[in-house]
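Worksheet: one structure, shown below.
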């Protein structure tokens, strides 16, 4: 068998597999996936309803309690039930009105408005987090699909190599032995196993992504996919905005104070700040419990004339009632103490979240820098060297100067290097998206979905 002809047939098959892209009817871009996820997120709708409910409650809280009207007969004699028999028999109509303590109505209403103002900030953070989660799942599907593509491209070459080994072994041509045939079969089997694992990863990530993208059956016009759709993604990774130079400088200098100032404008931190304001208003509300609660009442009592026609005067009564908060140690004092402790606990939550965010940002930045270094190394040197090694080993084997096992090892190493380069590119996009969550929460997010503080 002419090795040169085999060499040409191998690389011809390999080249053909490289330039024959899969045809897909519809390709889901990362931007579109994020848009659909945000559009279909029921949490955002629920948050809007909760905000409206809290605002409506704030109007209710600012209103006085309804007055109480009472109507009754008083002092009716039981020996004849005559309305004019006794001078104290009367038809009495009264009204009473209670007034809450101090400014508690206005303060409670303000507290509810402050609680409602937290929801737009929570929605902005939810959208930013959804972008990260959807992007990670999209990128995992992309990683799996592109890895499958790379392996499929090399699989044809390994099949050709296996056929060469069998042909040479059967004709006793060259230095091919039975071990080479077994090695070629083994590598093909391992490639099949890798393909199976990658398809399982793709299916798992697709299932999780469809949780965000599935179309609600109650809204047929809604954008989205069916629950069992198979997603086809573009062949190229999306361009992700890098962090600004100012932020890069802050991270390079490890300037925690400047970083904290930037993070204080993040929707998650702003929502906690809004919760702190509402809790501080709760302290003011608890302090109002030291003030008395007032009530006023008025009644008019009608009396009938005497049996002989003498007129009787009607009665008008008015009064004021109030409670006196004398025993405050086990009631009002404890309510104020509880409100203060709750506010301090929320402040502690803010410090904890800030600490976690700053720590995670530092690790993300370090990972991003190392990934950029590795990407440059692969693109400028390693991939080219691996390809040259694979070509050299195949040329040597074609000229009967190399081993078949070395050809297989070189091709496997080249395939692994290309998959590693793909992993680096995907991980680099992931870190950029995660960093954008902290520094550019609006990146790639439709502005109509970003809440505004009331």
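Numbering (mature numbering (1 follows the signal peptide of the UniProt record, and there is no 0)), first residue to last: -24 to -1, 1 to 430. Ideal Cβ placement from N, Cα and C applies to all residues, glycine included.
{"Query": "Quickly, what does DSSP pair residue 46 with across the bridge? List them, please.", "Result": "70"}
{"Query": "Judging by CA-CA distance, which residue of 103, 37, 278, 127 is the nearest neighbour of residue 393?", "Result": "127"}
{"Query": "I need the DSSP call for residue 415, collapsed to helix, strand or coil.", "Result": "helix"}
{"Query": "Which residue spans inside the region 211 to 261 form an unbroken alpha helix (DSSP H) run of at least 4?", "Result": "221 to 229, 232 to 239"}
{"Query": "Rounded to whole angstroms, what is the Cα-Cα separation between residue 284 and residue 292?", "Result": "24 angstroms"}
{"Query": "Compute the beta-carbon to beta-carbon distance between residue 395 and residue 163, rounded to the nearest angstrom, for a pair I have assumed lies under 8 angstroms.", "Result": "Their Cβ separation, rounded to whole angstroms, is 15 angstroms, which puts residue 395 and residue 163 out of contact at 8 angstroms."}
{"Query": "Does the beta-carbon distance from residue 248 to residue 239 come in below 8 angstroms?", "Result": "no"}
{"Query": "Hey, would you say residue 347 sits closer than 8 angstroms to residue 404, going by beta carbons?", "Result": "yes"}
{"Query": "When the Cα atoms are used, what is the spatial distance from residue 323 to residue 241?", "Result": "16 angstroms"}
{"Query": "Quick check on DSSP: helix, strand or coil for residue 289?", "Result": "coil"}
{"Query": "Nearest CA to the CA of residue 201: which residue from 87, 130, 409, 13?", "Result": "13"}
{"Query": "Between residue 87 and the rest of its own chain, which residues show a CB-CB distance below 7 angstroms, the 5 nearest in sequence each way excluded?", "Result": "254, 257, 258, 261"}
{"Query": "Starting from residue 80, follow the alpha helix (DSSP H) in both directions and report where the run begins and ends.", "Result": "80 to 92"}
{"Query": "Could you tell me the distance, in whole angstroms, from the CA atom of residue 335 to the CA atom of residue 375?", "Result": "57 angstroms"}
{"Query": "Suppose you measure from the CA of residue 166 to the CA of residue 111; what does that come to, to the nearest Å?", "Result": "30 angstroms"}
{"Query": "According to DSSP, is residue 58 part of a helix, a strand, or is it coil?", "Result": "coil"}
{"Query": "What does a CB cutoff of less than 6 angstroms around residue 297 pick up in its chain, not counting 5 residues either side in sequence?", "Result": "271"}
{"Query": "So what's residue 339 in DSSP terms, helix, strand or just coil?", "Result": "helix"}
{"Query": "On the criterion of 16 or more Cβ atoms from any shown chain inside 10 Å, does residue 406 qualify as buried, or is it exposed?", "Result": "buried"}
{"Query": "Counting Cβ pairs closer than 8 angstroms, one from the region 205 to 214 and one from the region 299 to 307, do we hit at least three?", "Result": "no"}
{"Query": "Quick one, which of 46, 251, 361, 307 has its alpha-carbon nearest residue 318's?", "Result": "251"}
{"Query": "Nearest to residue 41 by alpha carbon, out of 401, 269, 338?", "Result": "269"}
{"Query": "Select from 370, 333, 280, 114 the residue whose C-alpha is nearest the C-alpha of residue 61.", "Result": "280"}
{"Query": "Taking C-alpha atoms, which residue in 306, 235, 325, 263 lies nearest to residue 341?", "Result": "235"}
{"Query": "Buried or exposed: where does residue 55 fall if 16 or more other Cβ atoms within 10 Å of its Cβ makes it buried?", "Result": "exposed"}
{"Query": "Three-state secondary structure (DSSP) at residue 303?", "Result": "coil"}
{"Query": "According to DSSP, simplified to helix, strand and coil, what is residue 378?", "Result": "coil"}
{"Query": "With 16 other CB atoms within 10 Å as the buried threshold, where does residue 233 fall?", "Result": "exposed"}
{"Query": "Can you find the residues in the same chain that come closer than 7 angstroms, C-beta to C-beta, to residue 178, ignoring five residues on each side of it along the sequence?", "Result": "117, 120, 121"}
{"Query": "Using three-state DSSP, classify residue 39 as helix, strand or coil.", "Result": "coil"}
{"Query": "CB-CB under 6 angstroms to residue 73, same chain, minus the five flanking residues each way: which ones, in chain order?", "Result": "43, 272"}
{"Query": "Which of the three DSSP states is assigned to residue 51 in this structure?", "Result": "coil"}
{"Query": "In chain order, what residues of the same chain lie with their CB nearer than 6 angstroms to the CB of residue 414, ignoring the 5 residues before and after it?", "Result": "337"}
{"Query": "If you draw a straight line from the alpha carbon of residue 304 to that of residue 266, how long is it in whole angstroms?", "Result": "8 angstroms"}
{"Query": "Report the residue from 180, 330, 160 whose alpha carbon sits nearest the alpha carbon of residue 131.", "Result": "160"}
{"Query": "Counting along the chain, where does the alpha helix (DSSP H) carrying residue 14 start and finish?", "Result": "6 to 15"}
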